[in-house]
Amino acid sequence: MSKSKLGATALVICLGAGLASADTNYGPYPITLKGYNGMKSNSVSYTGQIARHVLHDSVKKLAGTGDGGANSGRLAAEILSYFHGSDKNKSIIAPVDKGEFNIKQETLNEISSGKNLSGKTYKGVINAWPGQMTGPDVIVSMIKKAAATKGGFDPVTGYNYPQLISKFTMGAVSYNQTVNNYLDGKLAADSKPNNKPYKEGAYYTGKEHSWDEAFGYWGAAAHSLNLTAKQNYDIAKMKDLSAADANGDGLVDLKSEYNFGHAYYGAAFDKGGKTTYFNTITKSFIDGRKIIANAAGEKLSDGERAELYALAKVIGDNWEGIIAEAVFKYAGSVYKDINKLQDALSAGAETDKIYAAYGKHWGELKGFSMALQVGKNNLGATAAELNRLIGFGPVTMNNSYVTGVDTNGNYAMDRRRAWGDYQLHMLKIQKMMADEFGVKARNNDQLSELEALASSLSATESAETD
Amino acid sequence: MDFGDVINHIFGHFINPQKRIFFGYFCLSFFIGFTWLFVLKKKSVRTSLAIIFSRNVWMGRSAKVDYTIFILNRILTLFISPSLITQLAIATAVYFWLHGVSWLQVGAFAQWPKPVIIALYTIIIFVIDDFSKFFVHMMMHKLPFLWSIHQTHHSAETLTPITVYRVHPLEGILYALRGSVAQGTTLALVFFLFGSSVSLASVLGINVIVFVFHIAGSNLRHSHIRIRYWRWLETLLISPAQHQLHHSIAVEHYNKNFGVALAIWDWLFGSLIYSQADDAVLEFGLLEKGVKSNHSAWILYCKPFVHLYGCACSLLMMSKYQIVKFLRYALKILSVNL
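Chains as they are written, first to last, in my numbering: chain A, 49 to 514; chain B, 85 to 422.
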């Protein structure tokens with residue numbers, strides 16, 4: 049696309065966005081803090097959360113760059129410098145320019161300095177992963193293991209570390225921080241009140257910034273509600289610059305024009321037309337922010353906070369729905385991959401690529417399932433059953449699978465499981481996601497064809513006899 | 085559910101091609117019946133129409149009971165059907181179970197040509213469904229407690245296409261469960277082995293073989309038009325005349341022709357009889373102590389419960405010896421038929 053066409057397109061989008069901005073853009077919102085005398089005119093601020101999305105994307109990218117062990121020490125240190133944060137102004141590893149999709153920022157400090165992931169990772173014990181470790185310990189362990197593999201994949205265990213790290217981190221940081229902190233404790237009357245600055249010297253109020261930070265963790269572009277699900281999906285895939293570039297400068301500003309994290313997955317499911325996760329969540333954030341802005345720097349009333357709690361519940365429920373949809377989708381992928389593996393084995397064909405794809409999909413399944421368990425709701429027996437069905441590791445080529453980890457961090461693989469049994473587990477996971485979480489997009493549904501076949505037969509309500 | 089929905093539920097079968105009493109099949113059955121009488125039986129047009137639309141048949145006391153039970157059953161299904169296990173629930177359970185069978189592999193025959201898979205599934209589901217109907221029907225005649233509820237159907241003294249709905253609600257439930265088990269199990273097994281290529285060859289939303297069964301005059305089974313097939317064909321397919329023999333009160337016709345579409349089951353189980361060439365009038369209904377009994381819908385609904393209560397009481401009062409004797413008797417009946 050030529051620069052003139054690009055500019056014209058961006059201008060049209062800008063004008064359109066401007067007309068609809070009051071209801072469909074997240075910001076700008078006025079400064080409402082009483083007594084503020086500075087030059088700021090927009091109270092919106094969530095760059096710290098965007099920086100964490102970039103840290104996550106960079107960690108994921110780096111986790112797939114191992115050369116089989118020779119560079120493991122250096123690589124592990126490099127990845128951990130993104131996970132724990134660094135005093136240095138680190139380069140952004142991902143997302144970076146892709147064709148005409150040019151990213152405005154090249155270093156993390158251009159977004160926000162001094163940020164890390166480990167400090168915001170869920171601190172509870174992760175029962176879904178071997179070793180009874182806390183959230184940050186699990187990710188550190190995965191990062192070290194990833195650095196010792198070739199391309200992030202360990203064929204012995206079937207672990208695809210970039211996927212495991214990414215999908216779990218998105219849940220343990222963004223999802224957990226939002227639903228357990230910003231949209232929960234920080235909505236309380238005495239926590240971060242709206243008639244005081246968020247912190248000493250801030251130009252935004254306590255509630256404004258709490259809500260903004262939650263929106264930042266959600267990861268949607270500020271203008272995303274003006275776009276279709278397909279456009280929002282294509283932004284995250286770096287395919288649609290015109291949709292992303294809201295201000296028409298020819299660059300994608302990661303701070304406001306890009307779709308990160310679970311927002312991307314929400315758009316991915318919504319483009320199928322059966323769900324509206326992305327718009328529901330984004331609109332709820334905008335509606336909530338307007339309530340706070342309209343309070344004009346006064347302490348929020350109980351009624352206003354009740355409205356925010358109601359919106360927070362909508363956000364939390366839909367966010368959980370997105371993760372459940374992902375679990376459903378990748379359980380279906382794993383099921384299909386096993387079919388492909390069995391076909392290839394029966395035919396004596398090459399299995400390496402199929403097995404790698406299987407490991408990738410399993411990593412996504414496991415990571416999302418772990419993310420599902422660090423939300424606001426205690427999933428109790430559902431989580432226990434989900435972990436039992438998925439196991440600590442996928443069934444590998446010799447039918448063994450990870451059953452635990454020793455004190456040296458070596459995985460035990462002392463049991464075997466038949467492929468058919470594991471496929472049954474995938475079906476049960478899909479059924480669980482449908483029954484317990486009401487998933488609707490149902491990508492890769494392995495039971496829908498059976499349902500369609502059943503519906504093609506005559507109904508049981510007839511009392512016909514002979 | 086508003087009143088319109090209820091009316092639609094009760095009478096919707098007349099406009100539903102998945103049901104035997106769909107008006108299209110009705111019209112075709114009338115046409116086949118007329119052709120049989122006018123062309124083959126050399127009856128006049130007036131006589132043919134008089135036989136088909138006989139007031140004694142369509143507006144007789146038995147037919148009115150048919151209509152009453154039809155409406156009552158349709159209303160009852162509103163409440164009963166939602167709580168019955170569906171073929172999908174059974175199919176899902178069986179499909180899950182099959183994954184644990186070590187010597188079976190998902191999609192083991194998925195590479196077969198799609199037309200072959202479709203044809204195979206369409207035939208298998210029809211054959212198994214038909215056999216399950218035959219078997220349950222046979223048991224309803226052989227086992228006393230099932231016969232007590234199946235009597236409702238055989239109490240019809242004139243046969244109309246609506247007689248197919250003249251069943252006790254318990255029989256309706258039993259047949260629905262039969263359909264769920266037979267269809268659910270079959271489709272799970274076929275889908276497990278053949279994968280996503282499986283689909284039903286259908287016309288107007290029903291199995292193409294069942295569609296042929298309906299357009300070939302399935303409604304004439306419950307009618308007074310004695311359409312016969314060639315003997316060889318009556319060994320393969322149950323003709324309307326053969327099913328009418330099944331309803332006959334003549335002793336020589338007792339417990340014969342249980343089949344619905346296929347006659348081979350009766351042939352295999354020794355219960356097949358062929359239609360007769362003579363035009364002797366068949367009498368339908370029930371004999372109680374040698375006398376034909378008339379029943380209201382209310383009596384027909386209640387009587388089976390009285391019978392079942394009697395069966396239960398007898399069972400409870402049985403000594404161990406009697407229970408063993410009863411079980412031996414039941415096994416004997418089953419082994420004779422199997």
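Think of the CB as a built atom: it goes at the ideal place given N, C-alpha and C, for glycine as much as any other residue.
Nearest residue (CA-CA) to residue i, options the options
i, options, result
"M480 of chain A", "A:R465, A:D318, A:A431", "A:A431"
"S214 of chain A", "A:K240, A:K234, A:G396, A:T169", "A:T169"
"N137 of chain A", "A:N119, A:R353, A:S161, A:F149", "A:S161"
"K476 of chain A", "A:L501, A:R465, A:N150, A:I438", "A:I438"
"S129 of chain A", "A:Q97, A:I187, A:N90", "A:I187"
"F218 of chain B", "B:Q406, B:S398, B:F353, B:K416", "B:F353"
"G407 of chain A", "A:F416, A:Q180, A:G206, A:Q153", "A:G206"
"E5 of chain A", "A:F149, A:G167, A:I140, A:V173", "Nothing about residue 5 of chain A can be read from this structure; chain A reaches only from 49 to 514."
"S307 of chain B", "B:S264, B:I99, B:S323, B:K416", "B:S323"
"G298 of chain A", "A:N150, A:G83, A:N491, A:E484", "A:N150"
Residue i to residue j span [Cα, whole Å]
i, j, result
"G369 of chain A", "E305 of chain A", "24 Å"
"K361 of chain A", "V220 of chain B", "52 Å"
"V200 of chain B", "K198 of chain A", "45 Å"
"A364 of chain B", "H331 of chain B", "14 Å"
"A268 of chain A", "Y281 of chain A", "10 Å"
"A379 of chain A", "Q478 of chain A", "7 Å"
"K244 of chain A", "A262 of chain A", "19 Å"
"K198 of chain B", "S281 of chain B", "6 Å"
"A21 of chain A", "Y223 of chain A", "Since the displayed chain A opens at 49 and closes at 514, residue 21 of chain A lies outside it and no answer follows."
"G64 of chain A", "F326 of chain A", "With a pLDDT of 42 at G64 of chain A, under the threshold of 50, the predicted position of this residue should be treated as unreliable, and no value is reported."
"F180 of chain B", "N387 of chain A", "15 Å"
"A195 of chain A", "D115 of chain A", "8 Å"
"K340 of chain B", "F368 of chain B", "14 Å"
"A341 of chain A", "L413 of chain A", "39 Å"
"D71 of chain A", "A277 of chain A", "18 Å"
"V204 of chain A", "V450 of chain A", "9 Å"
"N85 of chain A", "G249 of chain A", "11 Å"
"F95 of chain B", "T319 of chain B", "35 Å"
Closer than 7 Å to chain A by CB, residue i
i, result
"S167 of chain B", "no"
"Y109 of chain B", "no"
"Y405 of chain B", "no"
"S239 of chain B", "no"
"H183 of chain B", "yes"
"Y179 of chain B", "yes"
"G301 of chain B", "no"
"G88 of chain B", "no"
"A334 of chain B", "no"
"L254 of chain B", "no"
"S280 of chain B", "yes"
"S380 of chain B", "no"
"F275 of chain B", "yes"
Residue i at chain B interface by Cβ criterion, 7 Å
i, result
"E499 of chain A", "yes"
"A392 of chain A", "no"
"D469 of chain A", "yes"
"L434 of chain A", "no"
"L289 of chain A", "no"
"G466 of chain A", "The residue asked about is misnamed: residue 466 of chain A is Ala in this sequence, not Gly. Yes, because at least one Cβ of chain B sits closer than 7 Å to the Cβ of A466 of chain A."
"L472 of chain A", "yes"
"N224 of chain A", "no"
"N295 of chain A", "no"
"N387 of chain A", "yes"
"A502 of chain A", "yes"
Those residues which DSSP pairs with residue i across a bridge
i, result
"E248 of chain A", "The partner list for E248 of chain A (beta bridge, DSSP) is empty, contrary to what the question assumes."
"Y449 of chain A", "A:R463"
"I201 of chain B", "Answer is none; I201 of chain B lacks a bridge partner."
"T399 of chain A", "Beta-bridge pairing links T399 of chain A to no other residue."
"L356 of chain B", "DSSP output for L356 of chain B lists no bridge partner at all."
Proximity test, residue i beta-carbon vs the ligand HEM heavy atom, cut-off 6 Å
i, result
"L156 of chain B", "Among the ligands in the structure shown, none appear at all, so the ligand HEM cannot be discussed."
Closer than 7 Å at the beta carbon, the chain C residues around residue i
i, result
"Q267 of chain B", "Checking the listed chains, one finds no chain C in this structure; the protein chains it contains are A and B."
* Counting only runs that start and end within the segment 90 to 162 of chain A, where is the alpha helix (DSSP H) found for 4 or more residues in a row? -> Secondary structure within the segment 90 to 162 of chain A: the alpha helix (DSSP H) runs of 4 or more consecutive residues, fully enclosed, are 95 to 111, 120 to 131 (chain order).
* Secondary structure, alpha helix (DSSP H): runs of 4+ residues fully inside the segment 333 to 405 of chain A -> Within the segment 333 to 405 of chain A, the runs of alpha helix (DSSP H) that reach at least 4 residues and sit entirely inside it are, in chain order, 350 to 395.
* Asked: Could you give the uninterrupted runs of the alpha helix (DSSP H) lying entirely in the segment 158 to 202 of chain A, keeping only those of 4 residues or more?
  -> Here the runs fully enclosed are 183 to 195.
* Ignoring anything shorter than 4 residues or poking outside the segment 290 to 321 of chain B, list the alpha helix (DSSP H) runs there in chain order. => The segment 290 to 321 of chain B contains these whole alpha helix (DSSP H) runs: 292 to 299, 315 to 320.
* Output the residue ranges of the alpha helix (DSSP H) runs that lie fully inside the segment 266 to 291 of chain A and measure 4 residues or longer, sorted by chain position. => Unbroken alpha helix (DSSP H) stretches of 4 residues or longer found wholly inside the segment 266 to 291 of chain A: 277 to 284, given in chain order.
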